[in-house]
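Undergrad:
2 protein chains.
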Amino acid sequence: MAKRTRATRPKAVKISDVARLAGVSVATVSRTLARPDVVIEETRTRVLAAVRDTGYTPNISARNLRVRKTMVVLVAVPDIANPFFAEVLQGIDDTLSAAGYGLIIANLAGPPEKEARYVDLVCAGQADGVLLLCGHMMRSPNRDLRDARVPLVAACEYIPHETFPQVTIDNVGTAREAVGHLIQLGHTSIAYLSGPKSNILEQQRLEGYRQALREAGIAADTGLILPGDFTFRTGVEAGRALLALEPAARPTALFAANDEMAIGLIKTVHTAGLQIPDDLSVVGFDGIAYADYCEPTLTTIVQPRRSLGATAAAELIALMTTGTAELRKDIKLPAKLMLRDSTRPPRKSAGHSFRDLRSG
Amino acid sequence: MAKRTRATRPKAVKISDVARLAGVSVATVSRTLARPDVVIEETRTRVLAAVRDTGYTPNISARNLRVRKTMVVLVAVPDIANPFFAEVLQGIDDTLSAAGYGLIIANLAGPPEKEARYVDLVCAGQADGVLLLCGHMMRSPNRDLRDARVPLVAACEYIPHETFPQVTIDNVGTAREAVGHLIQLGHTSIAYLSGPKSNILEQQRLEGYRQALREAGIAADTGLILPGDFTFRTGVEAGRALLALEPAARPTALFAANDEMAIGLIKTVHTAGLQIPDDLSVVGFDGIAYADYCEPTLTTIVQPRRSLGATAAAELIALMTTGTAELRKDIKLPAKLMLRDSTRPPRKSAGHSFRDLRSG
DNA sequence: GATGAAAATGTAATCGATTACATCCGGCGA
DNA sequence: TCGCCGGATGTAATCGATTACATTTTCATC
């Protein structure tokens, strides 16, 4: 007489079915599956046979309800279509799914109410932990993610003033190294193609740029800081801005806060007739796959994308299983400068680093 | 006295707490939240106030256990780092999360036992539906995804001999159109850079290529079919193969089964001194973002990536909620040829389509 | 063979929500 | 006034697994 209002999934084998078939109690079945060593050999084989025959698999909702765990973690990603994050996600996925966790991906590109929905979901206990790749604490109108009393770990983008573990690279130091490479080559007029000012990565990379110039005794010229927002499009715009300058006033090198902008810029100035790297050396940041595909290939800072994800995931697992683990608050992973075809000494220079050329 | 073996999440507000505070029964609270119209105004406001004061959110595991639903769908993706799928995922995510579903992403790049784990997970009732972007039926050693008795929908890659809905583009027809464009321009020696032979998309695109040649009365030259596997690397290799040919024997145009290979090939032959499109016209397939970033920009077939995802998701939702809906088995979405800078009439030709030049 | 500890298994409470069914109450028609 | 109807709410069964505690079995030892 059961009238099915909604689509109902039929007949599921449950633990009591297995128990009946094996001639044991449900407790024994559960134990056989959870801790095989505590049941006697003979019972175990009987139970396992029954499990196989019935095709039993435990109902996860029931288990979760009982043990108060969900075995899923939520990963907040700024933009899933961004290849950089896609690779970080791979690392996360590898580690987490090996440990038996499922992951819900919260793609924050899109309407902001989505973020709120995800926060509520976590607060409702739908996840055992959260991985933030998004550079900010997620909020919903009434709650904060912290209210969820769930372990948090951040990766890639540093979130200031927080106490949970964060897995990042040394953006300041690596940016300094990138610009240092240009200086080594003999460049003294080095532009910076920036990200959105509010972004922490942008702030750190800009700081690295400044430090490198300062160390080399090169005066920072604010006219050489081009606005951008990490997208290809703004790279193109920056390229046009460069072309609009008097040739003599043009920088001989440029450090871009990420690869996408660098590639956009290169494409633009290259089509306009500038030679890369002869007329302009370019260094990017991130090490996305296309940095190695474009023409010329891009010298860039390669971030350990998979490791960033995997490390953060491992840290979160530790946190989730052992409660408050030893909080390694700031975990820095090494990023390295990958030399490719987009950098070279400036034309006028002999190739040595005559740092005081600038003082004219 | 509660000794916490595992990390236990503390104090969760439950429905009975709300009921007590509001001075009503749990049933009333549940009803207030599920069907506000059946409780009287005064009670409703009292309950809602209690909900707000306590910060109550229902325990999803408990609800799922009771109503036998999970509100999550599993999405099987061949490779999450592939920008094409990343965008399809966006469409899926938009639609699904708007409808209140969470999504578990099964990234099939990686060890095959992962696929099995996901199959088991679905069979265990952990998902209400599955979206397959992977071109094959998922399996685990003992089970098939069909055993899960859960709605399935496939998208992007067609899976033959199945009865569930599939959302794809007309690969044969669009490939024919792409090659037709080259023929229109006057090309008669047109190479094909193929995908892996076992892949259905490859088979369909190859078929489209053949049809276009046949219609134009051009004899298919199997020497012009270059092996590839959809990766950038094989595009590079194909480029080298092309360069190794006698200049006179080289095709004047090439159709690549996807953009990534096309870009790899262009980069390779371009660095070697061939002019694109003057010496070689190239058409790609997919319309990934980089097709518009590379130098020259790539003429390609643009797939409606977001719509593919969104449509498939919508179809799955229909299936999940209304049981066996009207099964629109094959849903074809339009893809369009995007003309950019990588195609042009062949050098010798006047630019008109003198199709019978070949018979010379 | 009795004894007790340890090992194996069983019983039943529990997790937190949904919902069929029971109950209560007010109002309306006869 | 009685009885009935229907709307609002309460009671308690239920979903399916885990596990504390109870009970039974095993077995080494004297």
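These protein sequence lines are chains P and U, in that order. Letter by letter, the first sequence follows residues 1 to 360 of the working numbering. Letter by letter, the second sequence follows residues 361 to 720 of the working numbering. Where is the CB? At the ideal position from N, CA and C, for every residue including glycine. Values in this document were obtained by computation on a predicted structure and should not be read as measured data.
(1) Helix or strand or just coil, what does DSSP make of residue 142/P?
(2) For residue 416/U, which three-state DSSP category applies?
(3) Let me confirm a value: residue 112/P is counted as buried when at least 16 other C-beta atoms fall within 10 Å, else exposed. Which label applies?
(4) Please work out which residues of its chain come closer than 6 Å, Cβ to Cβ, to residue 205/P, disregarding the five sequence neighbours upstream and downstream, and give them in chain order.
(5) Tell me, please, which residues DSSP counts as bridged to residue 698/U.
(6) Just the chain U side, please: which residues come within less than 9 Å of residue 90/P by C-beta, in chain order?
(7) Looking only at its chain, what residues have a beta carbon closer than 6 Å to the beta carbon of residue 712/U, apart from the 5 residues adjacent to it on each side?
(8) Could you give the distance in angstroms between the alpha-carbon of residue 17/P and the alpha-carbon of residue 509/U?
(9) DSSP puts residue 463/U in a beta bridge; with which residues?
(10) Starting from residue 374/U, find everything on chain P with Cβ-Cβ shorter than 8 Å and list it in chain order.
(11) Would you call the stretch 70 to 77 of chain P and the stretch 436 to 453 of chain U touching, i.e. three or more CB-CB distances under 8 Å?
(12) What does residue 635/U touch in chain P if you count any residue whose Cβ is under 9 Å from its own?
(13) Quick one: what's got a C-beta closer than 7 Å to residue 524/U's C-beta in the same chain, skipping five residues either side?
(14) Which runs of the beta strand (DSSP E) fall wholly inside the stretch 173 to 200 of chain P and span at least 3 residues, in chain order?
(15) In terms of residues, what are the limits of the alpha helix (DSSP H) holding residue 619/U?
(16) Run through DSSP, which three-state label would residue 458/U get?
(17) Going by C-alpha to C-alpha distance, which of 380/U, 661/U, 638/U, 677/U sits closest to residue 702/U?
(18) For residue 526/U, which three-state DSSP category applies?
(19) Decide if the stretch 573 to 589 of chain U is in contact with the stretch 632 to 652 of chain U; the criterion is three or more beta carbon pairs, one per stretch, under 8 Å apart.
(20) Assuming contact is defined by CB atoms lying nearer than 8 Å, are residue 628/U and residue 662/U in contact in what I supplied?
(21) Residue 286/P by DSSP, collapsed to three states: which one?
(22) Quick check on residue 59/P - is its C-beta less than 8 Å from some C-beta in chain U?
(23) Could you check the C-alpha separation between residue 32/P and residue 442/U for me, to the nearest Å?
(24) How many angstroms separate the CA atom of residue 666/U from the CA atom of residue 696/U?
(25) Following the continuous alpha helix (DSSP H) through residue 674/U, name the residue where it begins and the one where it ends.
(26) Buried or exposed: which applies to residue 699/U, given that a residue is buried once 16 or more other Cβ atoms fall within 10 Å of its Cβ?
(27) What are the boundary residues of the alpha helix (DSSP H) that residue 480/U is part of?
(28) Out of 487/U, 672/U, 548/U, which has the shortest C-alpha to C-alpha gap to residue 578/U?
(29) Three or more C-beta pairs closer than 8 Å, one from the stretch 113 to 122 of chain P and one from the stretch 57 to 68 of chain P: is that the case here?
(30) Does any C-beta atom of chain U lie closer than 8 Å to the C-beta of residue 264/P?
(31) Beta strand (DSSP E) containing residue 613/U: first to last residue?
(32) By alpha-carbon positions, which one of 387/U, 467/U, 552/U, 540/U ends up nearest to residue 614/U?
(33) Taking C-beta pairs closer than 9 Å, name the residues in chain U that residue 295/P reaches, listed in chain order.
(34) Quick check on the DSSP output: the beta strand (DSSP E) that includes residue 132/P runs from which residue to which?
(35) Following a CB-centred definition, is residue 296/P positioned closer than 7 Å to any heavy atom of the ligand ZN?
(36) Beta strand (DSSP E) containing residue 330/P: first to last residue?
TA: According to the structure data:
(1) DSSP places residue 142/P in coil when its eight states are reduced to three.
(2) In the three-state DSSP reduction, residue 416/U falls in the coil class, being neither helix nor strand.
(3) Under this definition residue 112/P is an exposed residue.
(4) Answer for residue 205/P: 171, 175, 257, listed in chain order.
(5) DSSP lists 660/U as partners of residue 698/U.
(6) The contacting residues are 439, 440, 441, 467, 469, 470.
(7) Any reading at residue 712/U is ruled out, since the residue's pLDDT is 41, under 50, leaving its predicted position unreliable.
(8) Residue 17/P and residue 509/U: Cα-Cα distance of roughly 19 Å.
(9) Beta-bridge annotation (DSSP): residue 463/U is paired with 433/U.
(10) Within 8 Å Cβ-Cβ: nothing; residue 374/U doesn't reach chain P, min ~11 Å.
(11) Contact between the stretch 70 to 77 of chain P and the stretch 436 to 453 of chain U is absent, because fewer than three Cβ pairs lie under 8 Å.
(12) Per Cβ cutoff of 9 Å: no residues; residue 635/U is ~13 Å from chain P at best.
(13) Take residue 524/U, set aside five residues on each side of it, and the residues of its chain with a beta-carbon closer than 7 Å to its own are 512, 513, 514, in chain order.
(14) Taking only runs of at least 3 residues, the beta strand (DSSP E) segments lying wholly in the stretch 173 to 200 of chain P are 190 to 193.
(15) Counting along the chain, the alpha helix (DSSP H) containing residue 619/U begins and ends at 619 to 631.
(16) Reduced to three states, the DSSP call for residue 458/U is helix.
(17) Comparing C-alpha distances from residue 702/U to each of 380/U, 661/U, 638/U, 677/U shows the shortest one belongs to 638/U.
(18) Residue state, collapsed to three classes: strand.
(19) Proximity of the stretch 573 to 589 of chain U to the stretch 632 to 652 of chain U falls short of the contact definition, fewer than three beta-carbon pairs being nearer than 8 Å.
(20) Against a cut-off of 8 Å, the Cβ pair of residue 662/U and residue 628/U comes out as no contact.
(21) In the structure shown, the three-state DSSP call for residue 286/P is strand.
(22) Closer than 8 Å to the CB of residue 59/P there is at least one CB belonging to chain U.
(23) Whole-angstrom Cα-Cα distance: 42 Å.
(24) Going by the C-alpha atoms only, they are around 14 Å apart.
(25) Looking at the DSSP string, the run of the alpha helix (DSSP H) that includes residue 674/U is 665 to 681.
(26) In this structure residue 699/U is exposed. Its beta-carbon is surrounded by fewer than 16 other beta-carbon atoms within 10 angstroms.
(27) 473 to 483 is the extent of the alpha helix (DSSP H) around residue 480/U.
(28) Of the candidates 487/U, 672/U, 548/U, the one whose C-alpha sits nearest the C-alpha of residue 578/U is 548/U.
(29) With the cut-off at 8 Å, the stretch 113 to 122 of chain P and the stretch 57 to 68 of chain P do not touch.
(30) Chain U contact via Cβ: present.
(31) In the DSSP assignment, residue 613/U falls within the beta strand (DSSP E) that extends over 613 to 616.
(32) That would be 552/U, whose Cα lies nearest to the Cα of residue 614/U.
(33) Scanning chain U for C-beta atoms nearer than 9 Å to the C-beta of residue 295/P yields 626, 627, 630, 631, 654, 655, reported in chain order.
(34) Residue 132/P -> beta strand (DSSP E) spans 129 to 132.
(35) Among the components of this structure there are no ligands whatsoever, and the ligand ZN is therefore not found.
(36) Counting along the chain, the beta strand (DSSP E) containing residue 330/P begins and ends at 330 to 333.
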